[in-house]
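See below for the structure under consideration.
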DNA sequence: CTGAAAGCGCTTACAG
DNA sequence: CTGAAAGCGCTTACAG
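Protein chains in written order, with the working numbering: chain W, 46 to 387; chain V, 46 to 387.
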């Protein structure tokens, strides 16, 4: 037996009163008598009433839904950020619609469009590796839909942003290798476009420079998909060249793990002959032997901060209309964790 | 300058026609002239029109949103399932709202309620470890909202289900240890309630029985949160007892990894003195040394299957009203991957 | 304290 | 071929 979901009308009919009264009673308006409220609440419970949020959303012009666009879900960093987003959103009565770009710009565009017509209250995004132009986000600005970018942000787009200081973190990582005695330091870097892979490269370059080590372009490898396999293959290539590195700064832990496995396959001793440092502090960094020195970044807090900023902006706009917002960029701290690989 | 989002009315006004005509033109109704259609489509584009899905949903009684309730996002198995769900949902024009129970029944109840009043078209769920009664799902049945359960399912609740054969997989795992010569096999099992941890225990028990090995209750440890640390601690306890196991069947890879680390901390050789097998085939199983023998389960396919069944049911009900549905339980195959730990 | 009415943005049966 | 009207389920300013 299928029932239709109870509406205000059903309750009003049952009680011989009107929709208006029922609606007000349920929302505890002061101008409704206690008896009426009691009766309405009782009947609502009995009839399993739950407000139709679509109707509420339509009426109020608010959906309490936030859209998230990230490259991947099966990913140590992003799943942790997502966790931070979801938990804090739920606490404040917002729900999350999640979409994944798989680092493809076209997908990202589609999702922006979709979330736009789903009338989400705001959007959190980490750009696809492939994305260069962020024109497809302009429509959100035009219609005053708040956006927060994290991790892979745009430098030109005006909005709230959360990330870490990739350059100084990469500097720290490279400097660590230098302090440990490395002279020939390779960098397996991220793809061309994302600002954070550029910043990490800059940190690497800058640390070499400050320590009077010439940058050898043959020692910089550029990943496409940033997979363990790429880390493995690039490391083999580096270690089979005439000019072997004695240190590798890997742009992520996955790359670092691939590097360790490649070195081991050639019988090269870590950290004696080769030192390796990763980035992210994911679980594999602790579990691999030798364990991987890495840069810890506050994943959960990045998600938490992003959702907080977004909800603040949403509620600020609700209160003051489209008053001008001062956008901020919040930079969270990282630290180096030394393990066996250096 | 904030704009209000364009509505049908805006377009009609601009064109000096009516909402009806604009709506029909955009949906390519046959009874609208070509010229009108052309003009409407052009104007819609110019004005950045996107239909308000809330209104469409309200009118049509459909939201094209599917709710997902899972214990965790930061979790190898669940993030992979989620990936399978999201990708296949997007292809069919559905979006996912994701909520996490953190294995707490109360949270799960709250989410069911929330998703119900969000009027999602259907729900996919893997039960919280804590959940015994599934009464809180009854409301979905009452109102004909399709549900698919996966992994941690209920045996009493009538709905479509997707999982693996946990019992026979566990049997396979235990039998593998026996074939490798283990005589004293411990099992670090999952929590009390979830059917799949019970089934895995049953598989273990049954394999021992078939091989004339008496089950020693002291060799069965029960996890609460199924964390690496629990695996570590229980393994220390087992290995420090008078009656040491020579094999451990761990209910997940995380437990298996903890077991390996605990054994190593005591200087016990794997696999010579102790053999360990996990369950899931997550990345850590490949990366730890010795690498972990495990049961591979098709994570992505579980998600894919769940969302397919759900969408099928949604569309079936749309077409035929609440005709009776034949619920199915789809069992996906697992296989054993032998690595260094056995 | 209660209720009639307008309206959020759409869809669609019906009339012309 | 075009359009007026009802209605999806709510909220809320207004009248009584």
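Backbone N, C-alpha and C define an ideal beta-carbon position, used for all residues, glycine too.
With a cut-off of 8 Å on Cβ pairs, the segment 260–267 of chain V is not in contact with the segment 203–220 of chain V, counting fewer than three such pairs. Chain W places no beta carbon closer than 9 Å to that of residue 297/V, leaving this residue out of the contacts. Against residue 239/W, chain V offers no close residue; the least beta-carbon distance is about 21 Å (beta-carbon pairs closer than 8 Å). Cβ-Cβ distances below 6 Å link residue 267/W to 234 in the same chain, with the five nearest sequence neighbours on each side left out; the list follows chain order. Using a Cβ-Cβ cut-off of 9 Å, residue 142/V counts as an interface residue toward chain W, since at least one Cβ of chain W sits closer than that to its own. About 4 Å separates the Cβ atoms of residue 338/W and residue 387/W, confirming a contact at the 8 Å cut-off. Using a CB distance below 7 Å, the part of the segment 83–100 of chain W facing chain V consists of 93, 95, 96, 97, 98, 99 and 100, ordered along the chain. Spatial neighbours of residue 139/V in its own chain (CB-CB distance under 6 Å, excluding positions within 5 residues in sequence) are listed in chain order as 109 and 111. Here residue 85/W has 56, 60, 67, 70 and 71 as same chain residues with Cβ atoms under 7 Å from its own Cβ, once five neighbours each way along the sequence are excluded. In the three-state scheme derived from DSSP, where H, G and I count as helix and E and B as strand, residue 374/V is classed as strand. Listed in chain order, the non-local C-beta contacts of residue 252/V below 6 Å within the same chain comprise 216, 219 and 220, local neighbours out to five positions each way being set aside. Within the DSSP bridge table, the entry for residue 266/W names 233/W as partners. Nearest CB-CB separation between residue 162/V and chain W: below the 9 Å threshold. The beta-carbon of residue 102/V is placed less than 9 Å from the nearest beta-carbon of chain W. Taking a Cβ-Cβ threshold of 7 Å, the residues of chain V close to residue 127/W are 118, in chain order. The segment 223–231 of chain V and the segment 292–309 of chain V touch, with three or more beta-carbon pairs separated by less than 8 Å. Here residue 365/V is exposed. Its C-beta has fewer than 16 other C-beta atoms within 10 Å. The alpha-carbon separation between residue 100/W and residue 100/V amounts to approximately 8 Å.
Look at residue 308/V here: in three-state DSSP terms it is helix.
Here residue 273/V is near residue 299/V, since their CB atoms are less than 9 Å apart.
With a cutoff of 9 Å on beta-carbon distance, residue 189/V and residue 373/V are scored as not near each other. Here DSSP, grouped into helix, strand and coil, assigns residue 319/W to coil. DSSP places residue 338/V within a strand segment (E or B) once states are collapsed to three.
Contact with chain V is absent for residue 339/W, since none of that chain's Cβ atoms lies less than 9 Å from the residue's Cβ.
Here residue 49/V carries a coil assignment [DSSP, helix/strand/coil].
If you check the CB distance, residue 343/W and residue 305/W do not come in under 9 Å. Neighbours of residue 50/V in chain W, taken as residues at a C-beta separation under 7 Å, are given in chain order as 188.
At a cut-off of 9 Å between beta carbons, residue 135/V contacts chain W. Linking residue 131/W to residue 145/V through their CA atoms gives a straight-line distance of about 8 Å. Per DSSP, reduced to three states, the secondary structure at residue 84/V is helical.
Using a CB distance below 7 Å, the part of the segment 309–337 of chain W facing chain V consists of 328, 329, 332, 333 and 334, ordered along the chain. In the DSSP assignment, residue 194/W forms a beta bridge with 170/W and 206/W.
Just so you know, the alpha carbons of residue 357/V and residue 207/V end up roughly 14 Å apart. When the five nearest sequence neighbours on each side are left out, the beta carbons in the same chain lying within less than 6 Å of the beta carbon of residue 275/W are those of 268, in order along the chain. Runs of the alpha helix (DSSP H) spanning 4 or more residues and lying entirely within the segment 101–178 of chain W occur at 121–136 and 150–162, in chain order.
In terms of Cβ geometry, residue 322/W and residue 340/W form a close pair [threshold 9 Å].
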